[in-house]
Each structure stands twice: as structure tokens, then as C-alpha cells.
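Some notes on the structure that comes next.
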Ligand code: SF4
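Numbering (our numbering), first residue to last: 6 to 470.
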């Protein structure tokens, strides 16, 4: 209702488990935020030099300890929220605070951070949240069915600037392990170090990744131990083997059901052949499911009691959702793109308005080469800022100009390796011809069990050797 009344009506699920509404005219901003507040939603800390929303593994079937990990993600979020009441004063007509001591903020003080800060919490082995793309990544360590603590990794961030060689994408590096009781303190002090040592003279070089590379991991660990007063332990063993969403029904340990449905590029709206928004409204009105957004821009209808499963299933079936999710190609299910044009002022090229049609032209190439059952992670952004995480896709497109994209290949399936530029500023014909060559080569000379990302990484290394 909020989207329909105040914006274009489309609800965009973002790559950071939030929603965006677009096309809100100025006089509707305040009513929108008020309506959000009434629905127990908010947009605090969605921009600015501050910690953003904390990502967490999206699917509760990932572990019986899911709720415990999710709660820690919530605690981190609360811990790093700014103390200012400005949001409530400005948007919700909250009481004006005159005693400035009430707003004293020991974390952000009078300066905030040098740049935005992103945190993710993941439960291996599914790396659905691309945890290493965050400034700070927490990797849950579960041993003997007990949450022992987290490996902490620092310095992830994908944003770059075309033509500025000082900028680069980087995946977070594991700095060590803390047990659960010490995790919040370690997180807090990682942020204070960035507050005090991050680059405040050049915003392009102000993210934590540049601080980490300037001072080094050993220095960062020493400073962290000094500030926390405890030792950071050696990292524990973990493994990622996936980062896809589990489409369809899955069941968690306590017996509840969770239905993950595919939403192309996260756009929730009604089409004549797929009235998705209407269907989801009916699910919401039933009160029999909670809604969880995945960082792959999809939706999990979650926590459905066994006795309610058929009711939700009937709604999804009646609106064609089950058929659509089951009938969508693997490459499309593994695709995502950012908003780009016409909404994002930083966009250099199309992304979500164009990507579906490009996927429709890539599907026959895969089919022709007998690769349509391959899981290949493919992503597009309209500029090099990396919002849809093209830099760690197996195939990534990064907009350079209208209709032109750099083609990146060689990222891995698990999200632990960045890709590299393979061809620059291709138009659509160039993209399709290049992919056709790559797919043909993969079919011919890929090793048994080798994934496309690993194959293209190997090939690029053989060429450069
Ligand atoms: Fe982000 Fe760039 Fe896409 Fe805009 S165009 S949403 S800044 S990646």
C-alpha cells in the first residue's frame, strides 16, 4: 500500500536485504517515512558515513542455530546505530531534543566514519550474502552443534572508479577468531579503528579496505587487540560451497517450512501473466508467513507451520508463482542487477531494465552448447560501484557508457575470488559473440566437474603465464 500510494508502485528488493521505493515526489517523502514507521519499518542509516544494515544468512534452514546467529546480527545493528534523534525529529515529528548530552555518541562522536561501512554475518557453507564483499565479515563457527564464535574478516568492498587506478575491488581478509562473548566488542573496535585511521581527505579511498592495505593486517590485529584488551585467536576452519538461494520449499529443524521464490532483479510488481505483488499481498494478509529478503534479490516466505503449508502453496499456485519459479532457467535464477537507469544518478548504462532481455539471448547460447544445466552466477551493474556485486560473479558486466559494458570473468561459484576484466566496453553483439566463444571452449576443454568460473580463471592464467 505504501508503494502504491507514494511511489511508482514497484517494490525493489535490494542486494542488501532491504527494499527501495522509487519515484517518490518531495511532498510524499514525509508521509512515506511515517507510513513506514507505522508498519514498523524504518530507513535509519540507509545512507551516510555510518554502519549500514547488517546482512545475515537469509534461509533459516541453513542451521538449527540460525536464530542465535540472526540475533547477533541484530545486536550488531543496534550497537552501531547513531544516537542522534534527527530522524525522528525531522520525519516523524518527534520531540526536539534540547539536551545535547542525550545525543552524545561515543562511536560516531562529531565526525561519523570516513565513509559508509558494511557488515555481514554468514553461516557456512552457503555464502548467500557474499560475506567477503563487506567491510567486516563475520563467519559463524559451529562445532558440535554449538555456536563457538566467529571468524572476522576485514577490508571487503567492491566499489571502484573507472579511470582511477588507485581504486579497486577487494574481498575481506580473515583476521582471526573471537568467541561469541567477545564478538560485539571486537566488531565495535574494528569500527573505531576505521573511524580514527580511515582516509578523510579522499572519499574515493576512504573505505576500510584502503585502511587495511595502508597499515597492514598485522598492524590492524595489534591495534584491535590493544583496543579490546583481548587476543584475537587464530582463524577456525570453515568452507563455503554455494551462494545460491534454495528455490521452492525447504524445511528447518523445528519443522517449519520456507518457500523461496524467484523475483527477477528483485522487482515486485504485477504483470498480466504474473501478478506477483497481488499474490504476495494475499500471502501477507493470511498472516501465515513472514517475509525475508535474500541478498540475491529474492524472497523467502518463511516460518510457515506444517498445517499452513497447503494454504500458502494454494495461493502461490493460483497466481502462477510456483510454475514461474520452477520454469525459470538456472542462469536467470543466478542473475541479478542493480537499478541503474533511470533511477540511479551514478549509472552510466542500463542494468535491471536491460538485463532480462540479455539473459534471454544468453540462454540459447548455453542451450546450444549443452550448458543449460550449469549453475553460473551472472550479474550486471550500471557503473563500477558494484551494488549488484558484479566483481565477484562468474560472469560480470560493468557499465561504461550507454549500451557498453566491461565483461569480467573468473570469479568463483562460492564468492571467494574476484573476477577480472576480460573484454572492455563491449556492445551487445560483442558480449554475445564473446560468451559464445567462451561457452564453446568451456564445453570442449572444461575439466570434469569444473565450474565455468574456475575454467575461465584457469584459462586467463594460462594465457598470461
Ligand atoms: Fe550502484 Fe552504480 Fe548500479 Fe547505481 S548504477 S545502483 S551506483 S552499481
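Think of the CB as a built atom: it goes at the ideal place given N, C-alpha and C, for glycine as much as any other residue.
Outcome for residue i when other beta-carbon atoms lying within 10 angstroms are tallied against a minimum of 16
{"i": "residue 468", "result": "exposed"}
{"i": "residue 297", "result": "buried"}
{"i": "residue 248", "result": "buried"}
{"i": "residue 133", "result": "buried"}
{"i": "residue 242", "result": "exposed"}
{"i": "residue 149", "result": "exposed"}
{"i": "residue 186", "result": "exposed"}
{"i": "residue 246", "result": "exposed"}
{"i": "residue 140", "result": "buried"}
{"i": "residue 57", "result": "buried"}
{"i": "residue 95", "result": "exposed"}
{"i": "residue 4", "result": "The chain is shown only over 6 to 470; residue 4 falls outside these bounds and no answer can be derived."}
{"i": "residue 205", "result": "exposed"}
{"i": "residue 350", "result": "exposed"}
{"i": "residue 165", "result": "buried"}
{"i": "residue 277", "result": "exposed"}
Contact check, residue i vs residue j, beta carbons under 7 Å
{"i": "residue 282", "j": "residue 233", "result": "no"}
{"i": "residue 3", "j": "residue 348", "result": "The requested residue 3 does not occur in the structure, where the chain is confined to residues 6 to 470."}
{"i": "residue 385", "j": "residue 430", "result": "no"}
{"i": "residue 389", "j": "residue 354", "result": "no"}
{"i": "residue 22", "j": "residue 280", "result": "no"}
{"i": "residue 481", "j": "residue 264", "result": "Coverage of the chain is limited to positions 6 through 470, which leaves residue 481 absent and any answer about it impossible."}
{"i": "residue 217", "j": "residue 160", "result": "yes"}
{"i": "residue 420", "j": "residue 135", "result": "yes"}
{"i": "residue 266", "j": "residue 195", "result": "no"}
{"i": "residue 375", "j": "residue 311", "result": "no"}
{"i": "residue 18", "j": "residue 271", "result": "yes"}
{"i": "residue 457", "j": "residue 399", "result": "yes"}
{"i": "residue 402", "j": "residue 410", "result": "yes"}
{"i": "residue 126", "j": "residue 78", "result": "yes"}
{"i": "residue 182", "j": "residue 240", "result": "yes"}
{"i": "residue 336", "j": "residue 371", "result": "yes"}
{"i": "residue 323", "j": "residue 212", "result": "no"}
{"i": "residue 174", "j": "residue 423", "result": "yes"}
{"i": "residue 52", "j": "residue 75", "result": "no"}
{"i": "residue 320", "j": "residue 273", "result": "no"}
{"i": "residue 117", "j": "residue 55", "result": "yes"}
{"i": "residue 465", "j": "residue 415", "result": "yes"}
{"i": "residue 244", "j": "residue 130", "result": "yes"}
{"i": "residue 474", "j": "residue 303", "result": "Any question about residue 474 goes unanswered here, given that the chain covers just 6 to 470."}
{"i": "residue 138", "j": "residue 394", "result": "yes"}
{"i": "residue 179", "j": "residue 156", "result": "yes"}
{"i": "residue 16", "j": "residue 40", "result": "no"}
Residue interval of the beta strand (DSSP E) (run including residue i)
{"i": "residue 428", "result": "425-431"}
{"i": "residue 181", "result": "178-184"}
{"i": "residue 410", "result": "409-414"}
{"i": "residue 125", "result": "124-127"}
{"i": "residue 148", "result": "141-148"}
{"i": "residue 153", "result": "151-159"}
{"i": "residue 400", "result": "400-406"}
{"i": "residue 17", "result": "16-18"}
{"i": "residue 298", "result": "295-298"}
{"i": "residue 25", "result": "24-26"}
{"i": "residue 255", "result": "253-256"}
Closer than 7 Å to chain C by CB, residue i
{"i": "residue 244", "result": "No chain C is part of this structure, which consists of one protein chain only."}
Range of the contiguous alpha helix (DSSP H) that encloses residue i
{"i": "residue 458", "result": "457-469"}
{"i": "residue 382", "result": "That residue, residue 382, is in no alpha helix (DSSP H); it is neither H nor E in DSSP."}
{"i": "residue 263", "result": "Counting along the chain, residue 263 falls outside any alpha helix (DSSP H), though it belongs to the beta strand (DSSP E) covering 262-266."}
{"i": "residue 372", "result": "360-373"}
{"i": "residue 9", "result": "7-11"}
{"i": "residue 91", "result": "91-96"}
{"i": "residue 80", "result": "71-84"}
{"i": "residue 59", "result": "Taken as a continuous stretch (DSSP letters only), residue 59 belongs to no alpha helix (DSSP H), as it is neither H nor E."}
{"i": "residue 284", "result": "281-291"}
{"i": "residue 38", "result": "34-43"}
heavy atom of the ligand NAD below 6 Å from residue i C-beta
{"i": "residue 390", "result": "Judged by which ligands are present, the ligand NAD is missing from the structure shown, whose ligands are the ligand SF4."}
(message) Restricting to runs no shorter than 3 residues, where is the beta strand (DSSP E) found entirely within the segment 197-246?
(response) none
(message) My parser needs the beta strand (DSSP E) runs of 3 or more residues fully inside the segment 302-346; what are they?
(response) 304-309, 340-342
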